[in-house]
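A short worksheet on the structure shown next.
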Amino acid sequence: MPELWFWMVALLLTGWAVLDGFDFGVGMLHRFVARTDDERQRSIGAIGPVWDANEVWLLAAGGSMFLAFPRLLAAGFSGLYLPVLFVVWGLIVRGTALELRSHLNDRLWRSFFDTLFVLASFEVPLLMGAALGNLVRGVPLRPDGFFDLPLFASDEPMGVVDPFTLWCGVTTVLVLAAHGASWLAWRASGPVSERASTWRRPLWGAALVAWVGALVGTRLVAKDVVEQAMSRPMTWAAVVLALVGAGLALANGSQRRQFLGGCGFIAGVLVAVVSSLFPVVLRATDPALSLTITNAASQGQSRSTGLIWWAPGILLAATWLWWILRNFRAKEAPVYGVPKS
Amino acid sequence: MNGALDWHRLQFAFTIVFHYLFPQLTMGLAAIIMGLKALALRPNGEPYARAARFWVRIFGLNFAIGVVTGLPMEFQFGTNWARFSQVTGGVIGQTLALEGLFAFFLESSFLAMLVWGEDKLGPKKHFAASVALFVGSWLSGVFIVTTNAFMQHPVGYVRGADGVFALESVQALLFNPWALGQYAHNQLASLVTASFVVAAVGAFWALRDEHAEQAGLNLRVGTTVGLLAAGLVAFPTGDHQAKLVAEHQPSSLAAMEGRFESGPRATIHLIGQPNVAEHRLDNPIGVPAVLSFLAFGTFGAEVQGLDDFPVDQWPTNVELLYYSFHVMVGLGTLFIGLMGVAALFSWKGWLTRRRSLLWALLLAFPFPYIANTAGWMTAELGRQPWLVYGLLRTSEGASPTVHAGSVTFTLIGFCGLYFVLGLTFVFLVAREVVHGPTTHEVAHA
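Order-wise, the sequence lines are chains V and L.
If you read the first sequence in the working numbering, its first letter stands for residue 9, the second for the next number, and so on.
If you read the second sequence in the working numbering, its first letter stands for residue 92, the second for the next number, and so on.
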């Protein structure tokens with residue numbers, strides 16, 4: 009039963025990365041692919057109706073983790089205290105910028121929030137990627153199930169941000185920027201779409217190079233994870249998915265197929281990571297202290313009760329997303345709550 | 092400040108108080124918008140539709156800030172209260188996950204329909220969207236209050252030898268008698284905030300002699316709902332809440348009233364300063380026997396004082412708890428008086444000419460925010476020194492590896508961020524209010 013929850017949480021997190029991922033990519037590119045006010049309206053309009061719904065997957069993943077693996081949430085969030093709060097601040101700034109930028113028809117006002125939107129869209133994936141790097145590399149869990157890491161690896165060999173995790177963060181930024189370019193090329197129109205199209209291939213190229221670098225880094229810092237992964241068919245399947253996706257994202261073809269290829273790449277990479285770590289949910293530098301689906305799971309009725317509402321809840325959310333995407337065929341939508349002007 | 096624990100508490104208190112300024116308006120406003128949309132379905136209902144459009148815009152701004160300031164609340168369970176999460180996640184993870192998935196989802200999706208969809212959906216479906224928004228926002232409240240109710244009055248759990256809580260019955264958790272009372276009291280209090288804001292905006296336009304139709308409408312709606320909600324907040328829901336506290340948290344009741352000695356025919360104090368060092372209430376003005384009656388239903392009932400409890404079980408800040416409670420009750424009583432007079436004048440059609448009363452309504456709108464905050468401070472300070480009442484101490488819940496320097500740092504960060512956020516929000520809302528209720532055509536031109 010904890011296995012089921014492990015995969016459900018993994019599914020939610022992967023869904024969040026794939027769906028909210030392009031929102032972040034659009035945010036990074038926003039000031040560069042869209043230059044006039046009209047273009048920026050279109051750039052924001054391309055994620056306007058979906059970004060809110062996409063972020064629900066993050067909340068749902070966090071909630072499910074709390075319900076099913078409370079020790080993971082407790083150890084991970086408190087051990088990464090500062091970076092997690094920096095992510096929270098980034099999400100606050102980003103959400104505020106998106107919601108408020110169009111409320112005033114004023115150049116300075118919009119320029120201010122556009123810049124905040126761009127900066128926060130870089131910051132959150134950078135730290136999220138570094139957090140993923142920490143998960144793969146392992147953290148110094150203590151026997152009581154908690155850990156403490158310095159933010160930087162300057163005096164100590166290991167930190168939340170060390171060369172390996174920083175590389176993971178940069179890789180994440182590049183992948184999501186490329187993903188955002190694919191989305192804009194497909195869903196935006198006019199010059200925004202054209203500029204995004206020209207950025208798409210160089211960005212995906214750079215992202216894949218960075219990813220290969222991250223793989224090499226993983227071999228260096230977490231040899232046993234890589235060896236474990238080699239023996240697992242599921243990891244291989246996920247890697248194949250990632251490679252096929254990357255091929256489609258780079259190749260000529262319809263913009264829709266290129267975007268879906270990028271989705272496949274991101275999902276493949278994350279499933280590969282998760283399946284090679286299974287059943288560990290938080291890797292400790294001392295393997296005996298690792299949190300696994302067994303020792304981190306909640307007791308009692310919580311998980312079985314959660315199942316009853318979890319499935320319909322996810323189904324509902326997915327249906328809603330599908331409905332929005334269908335009814336949002338027009339290439340750009342009105343900006344939230346504000347005249348299109 | 093005494094080590095990391097106090098900083099953890101201060102940061103949670105600051106971020107939750109700031110956050111709750113927004114949901115307390117949106118929950119109440121969702122109910123009022125639904126009412127306006129229902130009235131708009133009648134023939135000649137266009138003024139109600141116009142009022143609803145204005146309030147949806149205010150709702151949207153509040154909702155946006157409510158969502159972003161809500162994020163740190165969910166995260167802080169893990170970052171700042173890791174031990175608490177580790178031990179109780181199996182129980183409260185349930186309600187918090189439900190909140191994250193359903194309620195927030197319902198709200199954000201149907202708010203989009205309400206903002207965009209009036210032309211596309213037509214009046215009936217647009218009204219349905221307002222119902223869904225109401226259900227979504229009030230459902231959020233259910234899950235948050237049931238989580239808090241578990242901390243105030245734990246039910247539906249079993250506790251293992253290692254101290255870890257496990258969920259035994261989800262029905263017991265969701266239908267906690269404490270949650271039912273607290274939810275009713277809290278939702279009516281949020282309706283008080285929303286109705287005062289609606290009335291204040293009406294008063295503002297009336298005082299400026301503009302938007303006469305909308306000013307009158309908002310004053311009528313605000314004062315009517317305000318009188319109803321202010322009354323129901325006090326009785327039966329507030330009264331019920333007080334009886335729950337008397338029964339399950341007697342040491343909190345004693346601290347709320349600044350009562351140190353036990354005895355029958357307990358006095359209720361309107362004013363006075365708790366002197367904790369000397370174990371007495373200084374300069375008291377009170378009414379004998381009324382506290383006994385309010386807490387237990389008979390004038391002769393025995394009410395315990397703090398001296399009956401070991402000091403390590405006293406609420407940790409008796410003074411603040413005492414004042415929070417008295418500010419809430421004092422303001423709540425004034426609200427009934429103000430809204431009683433204003434509603435009477437409104438029904439008689441005199442209100443728009445009574446400038447003094449309009450001024451009072453305009454200036455009154457911050458006070459329900461203060462009363463709501465004081466009410467939650469009463470609940471949370473009264474829960475101390477426990478995180479889960481009687482079972483898990485607050486000092487046992489904080490993150491073991493996060494030291495005071497880190498929390499002070501992030502608290503300062505939150506202060507700066509929220510200061511700018513607050514200024515921006517006030518500017519945008521003030522701009523909407525000064526701009527007034529635009530017609531449909533202008534808003535979507």
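We put the CB at the ideal spot given by N, CA and C, even for glycine.
**Asked** Under 9 Å between C-beta atoms, does residue 129(V) make it to chain L?
**Response** Looking up residue 129(V) in the first sequence gives position 121. No, residue 129(V) does not count as interfacial toward chain L.
**Any alpha helix (DSSP H) of 4 or more consecutive residues that is wholly inside the segment 215-283 of chain V** = 231-238, 241-258
**Message:** In whole angstroms, give me the CA-to-CA distance for residue 96(L) and residue 492(L).
**Reply:** Against the second sequence, residue 96(L) aligns to sequence position 5. Against the second sequence, residue 492(L) aligns to sequence position 401. In a straight line, the C-alpha of residue 96(L) is about 12 Å away from that of residue 492(L).
**Message:** Short of 6 Å in beta carbon distance, which residues of its chain neighbour residue 408(L), apart from the five on each side in sequence? Order them along the chain.
**Reply:** Within the second sequence, residue 408(L) is the residue found at index 317, counting from 1. Same-chain partners within the cutoff: 472.
**Item:** Within-9 Å CB hit, residue 84(V) to chain L
**Value:** Numbered from its first residue, the first sequence carries residue 84(V) at position 76. True, the Cβ-Cβ gap to chain L drops below 9 Å.
**Prompt:** Tell me the DSSP bridge mates of residue 364(L)?
**Reply:** In the second sequence, residue 364(L) corresponds to position 273, counting from 1. Paired residue(s): 373(L).
**Item:** beta strand (DSSP E) segment containing residue 257(L), residue limits
**Value:** Here residue 257(L) corresponds to residue number 166 of the second sequence, with the count starting at 1. It spans 256-258 - the beta strand (DSSP E) in which residue 257(L) sits, taken as one unbroken run.
**Item:** Classification of residue 170(V) by the beta-carbon crowding that lies within 10 angstroms, buried from 16 upward
**Value:** Counted from its first residue, the first sequence places residue 170(V) at position 162. That one is buried.
**Request:** Check the Cβ of residue 93(V) against every Cβ in chain L and list those closer than 8 Å, keeping chain order.
**Result:** Along the first sequence, read from residue 1 onward, the residue named residue 93(V) stands at position 85. Under the 8 Å cutoff, chain L gives 163, 166, 170, 501, 504.
**Asked** DSSP state of residue 288(V), grouped into three classes?
**Response** Translated into the one-based positions of the first sequence, residue 288(V) becomes position 280. Residue 288(V): strand per DSSP, three-state reduction.
**Message:** Tell me which residue opens and which closes the alpha helix (DSSP H) that residue 189(L) is part of.
**Reply:** Walking along the second sequence from the start, residue 189(L) turns up at place 98. Its alpha helix (DSSP H) spans residues 173-189.
**Item:** Minimum Cβ-Cβ distance from residue 322(V) to chain L less than 9 Å
**Value:** By 1-based counting over the first sequence, the position of residue 322(V) is 314. Closer than 9 Å to some Cβ of chain L, the Cβ of residue 322(V) qualifies, so yes.
**Prompt:** Under three-state DSSP, which class holds residue 159(V)?
**Reply:** To locate residue 159(V), count along the first sequence from 1; it is residue 151. In this structure, residue 159(V) counts as coil in the three-state DSSP scheme.
**Prompt:** Of all the CB atoms in chain V, is at least one closer than 9 Å to the CB of residue 424(L)?
**Reply:** On the second sequence, residue 424(L) is found 333 positions in, with the first residue counted as 1. So no, residue 424(L) is outside the interface.
**Asked** Are residue 345(L) and residue 399(L) closer than 9 Å when you measure CB to CB?
**Response** One-based indexing of the second sequence puts residue 345(L) at position 254. One-based indexing of the second sequence puts residue 399(L) at position 308. Yes, Cβ-Cβ distance for residue 345(L) and residue 399(L) is below 9 Å.
**Message:** So, for residue 147(L): in the same chain, excluding its five sequence neighbours on each side, which residues have a beta-carbon less than 7 Å away from its beta-carbon?
**Reply:** Residue mapping note: residue 147(L) aligns to position 56 of the second sequence, counting from 1. Hits under 7 Å: 124, 205, 206.
**Prompt:** How many angstroms separate the CA atom of residue 193(V) from the CA atom of residue 240(L)?
**Reply:** On the first sequence, position 185 is the one that residue 193(V) refers to. On the second sequence, position 149 is the one that residue 240(L) refers to. Cα to Cα, residue 193(V) sits roughly 49 Å from residue 240(L).
**Residues near residue 152(L) by beta carbon distance below 8 Å, same chain, minus five either side** = Residue 152(L) sits at position 61 when you count from the first residue of the second sequence. The residues are 516, 519, 520, 523.
**Request:** With a threshold of 16 other CB atoms inside 10 Å of the CB of residue 266(V), please say whether the residue is buried or exposed.
**Result:** Indexing the first sequence from 1 puts residue 266(V) at position 258. Counting every other CB atom within 10 Å of its CB across the protein chains shown gives residue 266(V) a total of 16 or more, marking it as buried.
**Prompt:** Should residue 14(V) be flagged as near chain L, meaning a C-beta pair shorter than 9 Å?
**Reply:** Position 6 of the first sequence, counted from the start, is the residue given in the question as residue 14(V). For residue 14(V), the answer is no, since every Cβ of chain L falls outside 9 Å of its Cβ.
**Request:** Just the chain L side, please: which residues come within less than 9 Å of residue 182(V) by C-beta, in chain order?
**Result:** Position 174 of the first sequence, counted from the first residue, corresponds to residue 182(V). Simply none; closest approach about 26 Å.
**Prompt:** Checking contacts by CB at 9 Å: is residue 291(V) closer than that to chain L?
**Reply:** Reading the first sequence from its first residue, position 283 is the one you call residue 291(V). Chain L, which has no Cβ nearer than 9 Å to the Cβ of residue 291(V), makes this no.
**Message:** Check for me: the beta strand (DSSP E) holding residue 250(L) runs from which residue to which?
**Reply:** Walking along the second sequence from the start, residue 250(L) turns up at place 159. Residues 248-250.
**Item:** residue 248(L) at chain V interface by Cβ criterion, 9 Å
**Value:** Within the second sequence, the letter at position 157 stands for residue 248(L). With 9 Å as the cut-off, residue 248(L) counts as an interface residue toward chain V.
**Spatial distance of residue 26(V) from residue 275(V) (CA atoms)** = Taking the first residue of the first sequence as position 1, residue 26(V) is located at position 18. Taking the first residue of the first sequence as position 1, residue 275(V) is located at position 267. Computed Cα separation, rounded: 7 Å.
**Message:** Quick check on DSSP: helix, strand or coil for residue 300(V)?
**Reply:** The residue you call residue 300(V) lines up with position 292 of the first sequence. It is a strand residue.
**Asked** Is the shortest distance between the beta-carbon of residue 515(L) and the beta-carbons of chain V less than 9 Å?
**Response** Walking along the second sequence from the start, residue 515(L) turns up at place 424. By this cut-off, residue 515(L) is an interface position.
**Request:** Report the neighbours of residue 96(V) on chain L: residues whose CB is nearer than 7 Å to its CB, in chain order.
**Result:** Within the first sequence, numbered from 1, the residue matching residue 96(V) stands at position 88. 162, 163, 166, listed in chain order.
**Item:** Inter-residue spacing [alpha-carbon to alpha-carbon] between residue 235(V) and residue 147(V)
**Value:** Here residue 235(V) refers to the residue found at position 227 when the first sequence is read from its first residue. Here residue 147(V) refers to the residue found at position 139 when the first sequence is read from its first residue. Going by the C-alpha atoms only, they are around 19 Å apart.
**Item:** the segment 485-500 of chain L: positions lying closer than 7 Å to chain V by Cβ
**Value:** Listed by position along the chain: 490, 491, 492, 493, 497.
**Request:** Just tell me which of 107(L), 116(L), 445(L) has its CA closest to the CA of residue 300(L).
**Result:** Stepping through the second sequence from its first residue, residue 300(L) is reached at position 209. The option with the nearest alpha carbon to residue 300(L) is 445(L).
**Item:** Alpha-carbon spacing of residue 342(V) relative to residue 164(L), whole angstroms
**Value:** Translated into the one-based positions of the first sequence, residue 342(V) becomes position 334. Translated into the one-based positions of the second sequence, residue 164(L) becomes position 73. Low per-residue confidence applies at residue 342(V): pLDDT is 47, beneath 50, and the placement is therefore not dependable enough to give any value.
**Prompt:** Whole-angstrom Cβ separation of residue 160(L) and residue 110(L), contact assumed at under 8 Å?
**Reply:** As a first step, residue 160(L) must be located in the second sequence, where it is residue number 69. As a first step, residue 110(L) must be located in the second sequence, where it is residue number 19. Confirmed, Cβ separation roughly 4 Å.
**Request:** Determine the DSSP secondary structure at residue 405(L), reduced to helix, strand or coil.
**Result:** Within the second sequence, residue 405(L) is the residue found at index 314, counting from 1. Correct three-state label for residue 405(L): coil.
**Message:** I want to verify the contact list: residues of chain V whose CB lies under 7 Å from the CB of residue 259(L), in sequence order.
**Reply:** Here the question's residue 259(L) lines up with position 168 in the second sequence. 308, 309, listed in chain order.
**Prompt:** By a C-beta neighbour count over all protein chains shown, 10 Å radius and 16 as the cutoff for buried, is residue 497(L) buried or exposed?
**Reply:** Locating residue 497(L) in the second sequence gives position 406, counting from the first residue. Counting Cβ neighbours within 10 Å, residue 497(L) comes out buried, since at least 16 surround it.
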